[in-house]
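Numbering (our numbering), first residue to last: 482 to 638. The beta carbon of each residue, even a glycine, is placed where N, CA and C say it ideally should be. First up is the structure itself, then whatever we jot down about it.
Below, the structure written as structure tokens:
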């Protein structure tokens, strides 16, 4: 009965160890999958929050630039924080605008470079250019905030 037992009692001892190992293995696998999926969801949430924050900040750039352009303030300050895994830069040569005015005395043409403040994070790009805020990603581009153009007498702003 001591070391040489065979039958149901001896097999039951092995099945308890095997069951415990399988249960622990399954638990570790489930926890690992949960952590992996949770990390991906958290990264997506952080990316969305950063993009929305930057869109709001770029709209604020427009508001503060309008105050200066319309004479409401001689200068304005604004802090832009790109956040994690992102780049914020100024491209002075980005885009141009051409204005033509036809009068009885001829045509006046003025072309000016717009420049842009550009935020990039992965495939997402947000830019402030020409008074508007624009967002682009692999799905396409859209206007977040339209540029303002006003014609008052002899002045186009």
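Candidates 605, 506, 523, 546: which alpha carbon is nearest residue 533's? Your numbering for residue 533 matches position 52 in the chain shown. Taking only the C-alpha atoms, the option nearest residue 533 is 605.
Could you compute how far the alpha carbon of residue 578 sits from the alpha carbon of residue 535? The residue you call residue 578 lines up with position 97 of the chain shown. The residue you call residue 535 lines up with position 54 of the chain shown. Between residue 578 and residue 535, the C-alpha separation is close to 25 Å.
Would you list the residues sitting across from residue 515 in a DSSP beta bridge? Here residue 515 corresponds to residue number 34 of the chain shown, with the count starting at 1. Its beta-bridge partners do not exist; DSSP assigns none.
What does the Cβ neighbour count give for residue 614, buried or exposed, with the cut at 16 atoms within 10 Å? By 1-based counting over the chain shown, the position of residue 614 is 133. Buried, by the Cβ-count rule.
List, from N- to C-terminal side, the beta strand (DSSP E) runs of 3 residues or more that fit wholly inside the region 554-621. 568-572, 577-584, 587-594, 597-602, 605-610, 613-618
Cutoff 7 Å; reference residue 575; Cβ partners in own chain excluding five residues on either side: For the purposes of this step, residue 575 is taken as residue 94 along the chain shown, with counting starting at 1. If we look at residue 575 and ignore the five residues flanking it on each side, its Cβ neighbours are 595, 596, 597, 610.
Among the candidates 600, 581, 542, whose CA atom is the shortest distance from the CA of residue 651? Not covered by the structure: residue 651. The range shown for the chain is 482 to 638.
With a threshold of 6 Å, establish whether the CB of residue 569 neighbours any heavy atom of the ligand COA. Inclusion of the ligand COA in the displayed structure is not the case, the ligand content being empty and no account of it being possible.
Beta-carbon gap between residue 599 and residue 620 smaller than 7 Å: For the purposes of this step, residue 599 is taken as residue 118 along the chain shown, with counting starting at 1. For the purposes of this step, residue 620 is taken as residue 139 along the chain shown, with counting starting at 1. No. Outside cutoff.
Quick check on this structure: which residue in 557, 531, 584 has the alpha carbon closest to the alpha carbon of residue 543? What you label residue 543 is simply residue 62 of the chain shown in a count that begins at 1. The candidate whose alpha carbon is nearest that of residue 543 is 557.
Name the DSSP beta bridge partners of residue 626, please? The residue given as residue 626 occupies position 145 in the chain shown. Answer is 614, bridged to residue 626.
Collapsed DSSP secondary structure at residue 552 in the structure displayed: Indexing the chain shown from 1 puts residue 552 at position 71. Correct three-state label for residue 552: coil.
Closest to residue 564 by CA distance: which of 527, 508, 505 is it? Along the chain shown, one-based indexing puts residue 564 at 83. Residue 564 has its Cα closest to that of 527, out of 527, 508, 505.
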